[in-house]
Structure formats: C-alpha cells, structure tokens
Amino acid sequence: MSKTYYNEEDLGKFGEISEWQPELGKKFFDYYGSVFKPGALSAREKALIALAVSHAVQCPYCIDAYTKDCLTKGSDEEQMMEAIHVAAAIKSGAVLVHGVQMMNKAKKLSM
Amino acid sequence: MAVKEKIKSLKYRAHQLSDPKVQLEILSNTSENMVKTFAEKLTDDGLFPLKPVSIEVLQINVGYMCNQVCKHCHVDAGPDRKEIMTRETMLLCLDVLKNPAISTVDLTGGAPEMNPDFRWFVEEIYKLNKHIIVRSNLTIITANKKYNDLPQFFKKNEVEVVSSLPYFAARRTDAQRGEGVFEQSIKGLQMLNEVGYGKADSGLTLNLVHNPSGAFLPDDQNELEKIFKDKLSDGWGITFNSLFAITNLPVSRFLEHLFVREMYDDYLVELVNAYNPIAAASVMCRSMISVSWDGFLYDCDFNQMLKLKVQGKAQDLKSFDEKELLSRNIIVNQHCYGCTAGAGSSCGGTVA
Numbered sequence: 754m755s756k757t758y759y760n761e762e763d764l765g766k767f768g769e770i771s772e773w774q775p776e777l778g779k780k781f782f783d784y785y786g787s788v789f790k791p792g793a794l795s796a797r798e799k800a801l802i803a804l805a806v807s808h809a810v811q812c813p814y815c816i817d818a819y820t821k822d823c824l825t826k827g828s829d830e831e832q833m834m835e836a837i838h839v840a841a842a843i844k845s846g847a848v849l850v851h852g853v854q855m856m857n858k859a860k861k862l863s864m
Numbered sequence: 008m009a010v011k012e013k014i015k016s017l018k019y020r021a022h023q024l025s026d027p028k029v030q031l032e033i034l035s036n037t038s039e040n041m042v043k044t045f046a047e048k049l050t051d052d053g054l055f056p057l058k059p060v061s062i063e064v065l066q067i068n069v070g071y072m073c074n075q076v077c078k079h080c081h082v083d084a085g086p087d088r089k090e091i092m093t094r095e096t097m098l099l100c101l102d103v104l105k106n107p108a109i110s111t112v113d114l115t116g117g118a119p120e121m122n123p124d125f126r127w128f129v130e131e132i133y134k135l136n137k138h139i140i141v142r143s144n145l146t147i148i149t150a151n152k153k154y155n156d157l158p159q160f161f162k163k164n165e166v167e168v169v170s171s172l173p174y175f176a177a178r179r180t181d182a183q184r185g186e187g188v189f190e191q192s193i194k195g196l197q198m199l200n201e202v203g204y205g206k207a208d209s210g211l212t213l214n215l216v217h218n219p220s221g222a223f224l225p226d227d228q229n230e231l232e233k234i235f236k237d238k239l240s241d242g243w244g245i246t247f248n249s250l251f252a253i254t255n256l257p258v259s260r261f262l263e264h265l266f267v268r269e270m271y272d273d274y275l276v277e278l279v280n281a282y283n284p285i286a287a288a289s290v291m292c293r294s295m296i297s298v299s300w301d302g303f304l305y306d307c308d309f310n311q312m313l314k315l316k317v318q319g320k321a322q323d324l325k326s327f328d329e330k331e332l333l334s335r336n337i338i339v340n341q342h343c344y345g346c347t348a349g350a351g352s353s354c355g356g357t358v359a
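Residue numbers (the working numbering), protein chains in the order written: chain H, 754 to 864; chain F, 8 to 359.
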C-alpha cells in the first residue's frame, strides 16, 4: 500500500486535536460551529465560500468535506465550479497584481 | 473513470443483491466502525423492542412494475418487473380498510398507475372516505396517452400526489432517475399545476420528494424546500406544497450503487454517526402497515423488500388483526439507521 502525507480517514479524526489541548480545541470547534450556522449568509452560501477557500488553501480534507456539504445543501455543479473560479481568479489576480511591483522595480533599475 | 452502471432490475440481471437474504447478510455484518447494532442503539434509548402506536396508514404496494429504473430504487422496480397486485387482493385490502382506525391509504409501487386495476382501486378507496396518497413518479403522466388524464383523475378523487424530484436541474435528476426524466417530470408537474395541484387554496396537495442523488444525507428539509420552490418557480413556473427530504436506505439498488462506488462502509458509518434518538421515537413504522402486491404484511416498504414480514400470526390481509398487529414487535435491522439519521426520514420526509 502506498503511503501518502494525506489520509482520507484522518478527516474523521479531526476532533482528536482536542486531546492534546482540550481548552483551545473546544474553543476552536465551538467557534467553527458558530461560523457555519445560518446568519446573514445562509448555510448553503457559507458552504460555497468554504469550498472556494478550501481550494485556495489547497486543503484536500476541506475540499472533500465542503464538496459533500455543498451537494447536501442543494448547490449545483455550476455554482460549485463558479465558486472555485472565484478562488482561482483571486489567486491568479494576486500573482498578477504583483506584476506592477515588478514593473516598478524594473523601471527603477533600468535606464 | 466513472463505472458504467446497468439499467435493468437486479432481479432481471439475476444479481446476488436481488436476494433479500444476501442483503440482510451484508447489513448484519457490522463494520468495525459500527460498534452497535440498531437494536442495541434502540435499547440504549429505551425503545427496544420497537412497538407500534397505531395503524393510521396502510401503505399498499400495488406492484413492482415501473416505467423508470432509478439507481437508488429500494424496490428494484422497472419495466421488467411483473409482480402486480390483482383485483382479488385489492378486494382484501378494501375489506381491511373498513377499519375506521386507518385514515390514510398510501399507494406506491413501482409506478402504481401501471396496475390495470389502479383507477378502480382508487375509486373504491375514495368511497370509503379515506385520505389517499399516490406516489407518482411524474413521468408516467406523459409516458403514454392513456395516462395523460391522470391529473384530472387524481383531482376527482382528491388524491394527495407525492412525487420524486431529487433535484431542480436535469443533471442530478437524470443521473439518479434516467436520461430525460427531468424534462418529462417538469411536464408532469406543469400538467398537475394546470388542474390546480400545488396551487394555494385549491385543496389539491402536491408534495415533492428529494432523495440525495448520491451517497450523502439530505440537508435541512425547510431550507431545501425554499431553494426548490424558488428554482422551480423561476425556471418553469411550477408550484408545489411541501418538500419531503428522504434518506436513501442501503437496500436493493442503492445498496448496489454503494458497492459499485465503494462507498458502502462510509455511508453506513455516516448513517450510524447521524443516529438521532428523537427521530428513532418517531419512525413511520410505528403508525403504519405495509402491504405487498401479493397481500402480505410488513412493518414498512423497506422490510417488504427484505422479505421481513410482520411478527406474529397476522401476516397477510386475510388474517389482518388490528389488536395483534398493535401488540407486535417491529422488526429492525441495520438498514433502519437510514430512518433515524439526522432529522430522520419517512415517506413523509423528516420526523424530528
């Protein structure tokens, strides 16, 4: 069996992080739970944002979890892919906007 | 690469999962993550043995023949299934229905409308002043000219129509129910709307059923209902009354689907982890009896498919005995976790 850094079943063990620091673990999970409750944004909208962010931070556990959550909450495939494009646009935009810095520096250095 | 799945019934394919004994053996082999059997879970909550509280609903399966072959079908229904309730058995049902305790008759299949005596049966039940539910798959309405007037027929007999529409778009609906089903379902819904079904103050109830189109549990029924109402209204001008979110139980073709996708263990663990004692106390089998096409009695339609007849001597229509049935222990197995997960699941949607 091939070894990988990421194991699918580890997602189900997420709660175990509290074993070695219960107080902070509890605070985190309480906060996490509150964040995803319906508020000014619906739970479905929050799941779509989480899906996009999961891709931006490239977390395979989060991608698995929020793909399922989006399906469960009634988002369709187009919405899910568009959310990822938003993340991709911001990521690529963040790279490209630094092109201005490169241009500034290059102009300063050049004659 | 996606695995190409067959579109014939398990029975037609002589698949090993068409044998209820094989299914029960699989369900009984508790996975290592599933520390407790369903019966043990009920025991913890003081609910074992599970007892009935009433027989309000008689759910009658009038046959396994269907014009669709849905991937998740727990009945293993399809055009190749020939099991059909005869008028003789329907007469026995009508005899049982004289019992005033039974207020609702829930007709299911297959596509119940394909039973040649369906209309006669509905009219006879209507004469008994029972509330009638027909679980119509929507596409049957446009499947053949002879079914085009079903909306008018339902209206005349004040039938509550409950129809499966897993999703408000074609991709996920067709993936579960077959290519082109979404488009035909939309036509069926529009035809029902035209005669007043799902319209405010019409008194004609049209409820939709959302089964997740895959190995995941349904979300909040009310939230999903809002999305369905918006999407169906905006896209096709369709209105309906309520959305029932129903969990897929690991039985028959959905069980096969879980094996094909190698999701069986994960799905069962998900069901077990989502066990909700409040839902367990309100499961539908406590207030209904399921009747098979050949006149036998079961605790629910799922137990019917697993050939788990009701406990006791009163196991068929001829020996129907309300008192004995009310004192029986309801037969449970691991598939029952499907009705107690999250907000619970029943033929009328969530229960908790």
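Glycine is no exception: its CB is placed at the ideal position from the N, C-alpha and C atoms.
With a threshold of 16 other beta carbon atoms within 10 Å, G852 (chain H) falls short and is exposed. The stretch 20–30 of chain F and the stretch 309–316 of chain F touch, with no fewer than 3 CB-CB distances between them shorter than 8 Å.
Rounded to whole angstroms, I91 (chain F) and K15 (chain F) show a C-alpha spacing of 18 Å. Per the DSSP secondary-structure output, V839 (chain H) pairs with nothing in a beta bridge. In the three-state scheme derived from DSSP, where H, G and I count as helix and E and B as strand, A859 (chain H) is classed as helix. Put simply, of F:N248, F:D308, F:Y154 the residue whose alpha carbon is nearest the alpha carbon of K206 (chain F) is F:N248. Taking every protein chain shown into account, the CB of E776 (chain H) has fewer than 16 other CB atoms within 10 angstroms, so this residue is exposed. Counting only runs of 4+ residues, the alpha helix (DSSP H) found wholly inside the stretch 305–347 of chain F occupies 308–312, 329–333, 344–347, in chain order. Straight through space, the alpha carbons of S771 (chain H) and E186 (chain F) are spaced by roughly 47 Å.
Nearest neighbour of L275 (chain F) by Cα position, chosen from F:S170, F:D226, F:V258, turns out to be F:V258.
The beta carbon of I253 (chain F) lies closer than 6 Å to those of V216, N218, S352 in the same chain, with the five residues before and after it left out. With the criterion set as a beta carbon lying under 9 Å from some beta carbon of chain F, the members of the stretch 783–796 of chain H are P791, S795, A796, in sequence order. Not a single C-beta of chain H is nearer than 8 Å to the C-beta of G351 (chain F). If you check each beta-carbon in the stretch 756–769 of chain H against every beta-carbon of chain F, none falls closer than 7 Å. Comparing alpha carbon positions, the residue from F:L135, F:S35, F:P123, F:A84 closest to D102 (chain F) is F:L135. One finds G221, F223 in chain F with Cβ atoms closer than 7 Å to the Cβ of L824 (chain H), taken in chain order. Beta-bridge annotation (DSSP): F251 (chain F) is paired with F:V216. With fewer than 16 neighbouring CB atoms inside 10 Å of its own CB, L794 (chain H) falls in the exposed class. As a beta-bridge residue in DSSP terms, T111 (chain F) pairs with F:V64, F:H138. Not a single C-beta of chain F is nearer than 8 Å to the C-beta of E835 (chain H). Between T146 (chain F) and V202 (chain F), the gap from beta carbon to beta carbon reaches 8 Å or more.
In summary, A21 (chain F) is exposed, with fewer than 16 beta-carbon neighbours lying within 10 Å of its beta-carbon over all protein chains present. Contact between V339 (chain F) and L57 (chain F) is confirmed by a C-beta separation of about 6 Å, below the 8 Å threshold. When H:L824, H:Y819, H:L801 are compared, the shortest CA-CA separation from L231 (chain F) is found for H:L824. Counting C-beta pairs closer than 8 Å gives three or more between the stretch 106–119 of chain F and the stretch 62–69 of chain F, which meets the contact rule. If the five residues before and after K799 (chain H) are omitted, its C-beta is found closer than 6 Å to the C-beta atoms of F789, all from its own chain and listed in chain order.
A straight-line Cα-Cα distance of about 6 Å links Y305 (chain F) and V298 (chain F). Counting the other CB atoms within 10 Å of its CB gives N151 (chain F) a total below 16, which places it among the exposed residues. If you ignore the 5 residues before and after V166 (chain F), its C-beta comes within less than 6 Å of the C-beta of I139, V141, all in its own chain and listed in chain order. The alpha-carbon separation between E95 (chain F) and D227 (chain F) amounts to approximately 42 Å. Only buried fits M121 (chain F), as 16 or more other CB atoms lie within 10 angstroms of its CB. Rounded to the nearest whole angstrom, the C-alpha separation of F309 (chain F) and L213 (chain F) is 24 Å. Distance from V60 (chain F) to R293 (chain F) at the Cβ level is roughly 5 Å; contact confirmed, criterion being Cβ atoms closer than 8 Å.
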